[in-house]
Amino acid sequence: MENKHALSAEQSEQLADTTYQPADHARSGNVSQGLAETHQLVSDMYKEGTIDNKLQ
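And the structure:
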């Protein structure tokens, strides 16, 4: 049975090259939303490491 959701090699490579961009918060795609959410979680966890909750 053929996987209807399989990506071509070119599509896989393009997806792997995707990085976070600040505009991802406004985009509606799954990849953009996932990158924006992950970026926010990492940023929050980094800030939690300081007593005043500010970037060093």
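Quick note: the sequence shown uses this note's numbering, first residue -9, plus one each step.
For every residue, glycine included, the Cβ atom is placed at its ideal position computed from N, Cα and C.
Just so we're clear, the structure is a prediction, and the values are computed from it rather than from any experiment.
Exercise. Whole-angstrom Cβ separation of Tyr10 and Leu25, contact assumed at under 8 Å?
Worked result: Residue mapping note: residue 10 aligns to position 20 of the sequence shown, counting from 1. Residue mapping note: residue 25 aligns to position 35 of the sequence shown, counting from 1. Right, the Cβ-Cβ distance comes to about 4 Å (below 8 Å), so this counts as a contact.
Exercise. Should His29 and Asp14 be called a contact, given that it needs their Cβ atoms to be closer than 9 Å?
Worked result: Within the sequence shown, numbered from 1, the residue matching residue 29 stands at position 39. Within the sequence shown, numbered from 1, the residue matching residue 14 stands at position 24. Here His29 is near Asp14, since their CB atoms are less than 9 Å apart.
Exercise. If you draw a straight line from the alpha carbon of Glu47 to that of His(-5), how long is it in whole angstroms?
Worked result: Since the first residue of the chain shown is -9 and the last is 46, residue 47 is not available in this structure.
Problem set entry | Alpha-carbon spacing of Asp34 relative to Glu27, whole angstroms | Mapped onto the sequence shown, residue 34 falls at position 44. Mapped onto the sequence shown, residue 27 falls at position 37. Looking at the two C-alpha atoms, the distance is approximately 11 Å.
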